[in-house]
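> Just so you know, the protein sequences line up as chains H and U, in that order. For any residue, its number in the working numbering is found by taking its place in the first sequence, counting from 1, and adding 102. For any residue, its number in the working numbering is found by taking its place in the second sequence, counting from 1, and adding 1237.
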Amino acid sequence: MSPGVVMAALRLGVLEARRQPSQFLIVVTAPMFSAMFMSVVLHAGSSIGRVNAVLGPGLIGLWFVALDAAADGIDRERWQGTLESLLAAPAPLTGLVIGRVVAMAIVGLVTLVESWLVAAVGFGVVLRPAHPVLLALSIAVTVFTTVSTATLLAGAFVLTRHAFMLQNSLSYPLYLLGGVLVPVTVLPGWLQPFGRIVFLSWSSDLVRDAFVAGAVAHAALRLAVVVLFGVAALVAARTVVKVVVGNVVRTGSAVRS
Amino acid sequence: MSGVIGVLRGGALQGFAELRATYTWRTWTGGWLLRVLSQVMFFALLGRLLRSAERTQYLAVGNAVALVSIEAAFVIRSMCSERAQGTLPLILASPGSPMPVYLGRGAHWLCTGFLSSAITLAAVPWLLGVPLRPDRLLTVLPMLPVIGLSTYCYGTFMGALALRSPRWQWLVMNVAYLSLLTLSGVNVPLTYWPVPLRVLAQVLPLSHGLSAVRTALHGGPTTAVLGGLGLEVLVGAGWLALAAASGKRLISRGRVNGSVDFG
């Protein structure tokens, strides 16, 4: 995959985002989610859940913008009539999607900071990481795997005229199974096994653990699991895109017949 | 009057046709319904994290009822699509008032919102081990359309605002319904918030209707339930009046300076 293609797509992503206020939607909505979660936790008068309430909107923000960039990017190319040309071009689609998603992932990271600020300024809850290095590493591997997974899904979005609908339907099921607000262990027993196969559940636990004092169990192994999810998604994305492009070349149509 | 009803009906039929073009029963059930069930569980599980069955049920009920409001707020996008499709100038140039068009245009969201709310209200508390009494659940179902209609009027006002600059429609829609989720007693009682926000919640849709639903689910007095529903209707009527005034202003200015076009 050419870094030049990724960088060109990243530049395009930034330029497009500047012209589309809807791309920054999450920056406005994330603080409202923070206020909602913080109000529930503080109203209960419990010390439990504060870390969850602060980090939840940030993790939602990251996943939301990545998926939105993948789905919206494909949808836009389709409605502009440029999708087929894009698929026929020698530059790989995976590189183009990665560039665009990375551009928006930066916006997603802003929501983590926003959420921290809402908790501190609006509710007087100041969180300090107990393990800053682990926090940085956890966020880095989460961004990598989020970008890879969104790229994999972009391949599926090419096959449907309703990428937005699919993206919309995937949001809360993945927030739930990904344990972004409450850990998978709090889900009903029958749902817990599904949660463990969603990379976000591993990421969410790691990011939350970075704020809890005391030793973090199996941190390196858990970081490796998230990276492994990312690598697997990237490999799968390349295969899916290859199949999709082959289908387009064969049938002349970029939708599933 | 029959003309107005005819326009309302026409707008509603168009909305239902769009819905059928977007969803089949299979994709609605496997896509949208799965999403809203997950959404309500997502919020309700915060109660379980806090080790409180009562809070879990409170969150499940609040977020399930809020779905009818969220989907009613989708009328904002339906209204803006008239501008994107280039049909807005034609509507404004026609002799009738555009308000019945807008009011009919998103009626399908009221129907899907009712279904989403009713199904999640029955399913999520049960799935999380905090079920509602079936007889009381049945009594609150007719309250959902009242809440939906009230929010629909609020959404129509917001839609009239978004029509002025459709590139902000997503922002307007999300802020419109997230404000309700935050302030209208969905996740915490209204009394939790500072006085100015509490006052604001009194004029927002959902607040009084949801309070009536909670009272009925707890077997509270009928007068309190009816009082809450009455206030919900009043709030909706207020938003409808504002929507009509805002729409009228948009139209008169658009007709004078030709500012209402594709966008």
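Ideal Cβ placement from N, Cα and C applies to all residues, glycine included.
1) Mind checking the segment 1396-1428 of chain U against chain H and listing, in chain order, the residues whose C-beta falls within less than 7 Å of any C-beta there?
2) Which parts of the segment 1362-1415 of chain U are runs of the alpha helix (DSSP H), unbroken and 4 residues or longer, counting only runs that do not cross its ends?
3) Specify whether the segment 1286-1294 of chain U and the segment 315-325 of chain H touch according to this definition: at least 3 beta carbon pairs, one from each stretch, less than 8 Å apart.
4) Between the Cα of U:A1413 and those of U:W1262, U:L1374, U:A1309, U:P1371, spot the shortest distance and give me the residue it belongs to.
5) Is the Cβ of H:N349 closer than 8 Å to any Cβ of chain U?
6) Identify whether H:S240 lies in helix, strand or coil by the three-state DSSP scheme.
7) What are the boundary residues of the alpha helix (DSSP H) that H:G162 is part of?
8) Taking H:F331 as the reference, which of H:T131, H:M134, H:V243, H:G115 has the closest Cα?
9) Look at H:A211 and H:L276 and say whether their C-beta atoms are less than 8 Å apart.
10) Does DSSP put U:L1443 in a helix, a strand or coil?
11) State yes or no: is the beta carbon of U:T1357 nearer than 8 Å to at least one beta carbon in chain H?
12) Does the Cβ of U:A1379 have 16 or more other Cβ atoms within 10 Å, making it buried, or fewer, making it exposed?
13) Between H:S359 and chain U, is the shortest Cβ-Cβ distance under 8 Å, so that the two count as touching?
14) Whose C-alpha, out of H:A335, H:T353, H:G354, is nearest the C-alpha of H:A258?
15) Measure the C-alpha to C-alpha separation of U:L1466 and H:F139 and round it to an integer number of angstroms.
16) For chain H, is any of its Cβ atoms less than 8 Å away from the one on U:F1499?
17) At the level of alpha carbons, what is the spacing between U:R1272 and U:V1493?
18) Would you mind telling me which residues of chain H sit closer than 7 Å to U:W1346, beta carbon to beta carbon, in chain order?
19) What is the DSSP secondary structure of H:S359, counted as helix, strand or coil?
20) Quick check: U:L1408 and H:V215, are their CB atoms within less than 8 Å of each other?
21) Chain H partners of U:R1285, CB-CB under 8 Å?
22) To the nearest angstrom, how far is it from the Cα of H:G348 to the Cα of H:D170?
23) Are the beta-carbon atoms of H:I176 and H:T253 separated by less than 8 Å?
24) Whole-angstrom Cβ separation of U:M1410 and U:I1313, contact assumed at under 8 Å?
25) I'd like the list of long-range same chain contacts for H:H264, defined as Cβ closer than 6 Å, with 5 residues on each side in sequence excluded.
26) Taking contact to mean at least 3 C-beta pairs separated by less than 8 Å, is the segment 1366-1378 of chain U in contact with the segment 1414-1433 of chain U?
27) H:A315: which of H:V343, H:L229, H:A137 sits nearest, CA to CA?
28) Which of the three DSSP states, helix, strand or coil, is assigned to H:I299?
29) Report yes if the CB atom of U:G1473 is closer than 8 Å to the CB atom of U:C1390, and no otherwise.
30) Considering only residues of the segment 1286-1325 of chain U, which uninterrupted alpha helix (DSSP H) runs meet the minimum length of 4 residues and lie entirely inside it, listed in chain order?
31) From the DSSP output, in three-state form, read off H:Y277 for me.
32) Check each residue of the segment 1297-1330 of chain U: if its Cβ is closer than 7 Å to any Cβ of chain A, include it; give the result in chain order.
33) Using a beta-carbon distance cut-off of less than 7 Å, what residues from the segment 1258-1278 of chain U approach chain H?
34) DSSP on H:A191, reduced to helix/strand/coil?
To lay it out plainly:
1) R1404, W1405, W1407, L1408, N1411, V1412, L1415, L1418, T1419, N1424, V1425
2) With a minimum length of 4 residues, the continuous alpha helix (DSSP H) runs that stay inside the segment 1362-1415 of chain U are 1371-1377, 1380-1399.
3) At 8 Å Cβ cutoff, the stretches do not touch.
4) U:A1309
5) no
6) In the structure shown, H:S240 sits in a helix (DSSP, three-state: H, G or I).
7) First, the residue type needs correcting, since residue 162 of chain H is Ile and not Gly in the sequence shown. Start and end: 152-182.
8) H:V243
9) For clarity, residue 211 of chain H is Leu in the given sequence; the question names Ala instead. Contact: no.
10) coil
11) Cβ-Cβ to chain H under 8 Å: no for U:T1357.
12) Reading off the sequence, residue 1379 of chain U comes out as Pro, not Ala. By the neighbour-count rule (16 or more Cβ atoms within 10 Å), U:P1379 is not buried but exposed.
13) Note that H:S359 scores a pLDDT of 46, beneath 50, so its modelled location is shaky; the value from the coordinates is reported in the next line. So, not an interface residue.
14) Answer by Cα proximity: H:A335.
15) So the alpha carbons of these two residues sit roughly 27 Å apart.
16) Reliability of the predicted coordinates at U:F1499 is poor, the pLDDT of 49 falling under 50, and the value obtained from them is presented with this limitation in mind. Under the Cβ criterion of 8 Å, U:F1499 is not counted among the residues facing chain H.
17) 44 Å
18) In chain order: nothing, as chain H lies at least about 14 Å away.
19) Legend: pLDDT at H:S359 = 46, less than 50; position of this residue unreliable, value from coordinates given subsequently. Here H:S359 sits in coil by DSSP.
20) Against a cut-off of 8 Å, the Cβ pair of H:V215 and U:L1408 comes out as no contact.
21) Neighbours of U:R1285 on chain H, chain order: V284, V288.
22) 25 Å
23) no
24) Indeed, because the Cβ distance is near 4 Å, the residues count as touching under 8 Å.
25) none
26) no
27) H:L229
28) coil
29) yes
30) The alpha helix (DSSP H) runs of length 4 or more contained entirely in the segment 1286-1325 of chain U are, from start to end of the chain, 1290-1309, 1312-1321.
31) helix
32) Chain labels in this structure do not include chain A; the protein chains are H and U.
33) T1259, G1268, W1269, L1271, R1272, S1275, Q1276, M1278
34) coil
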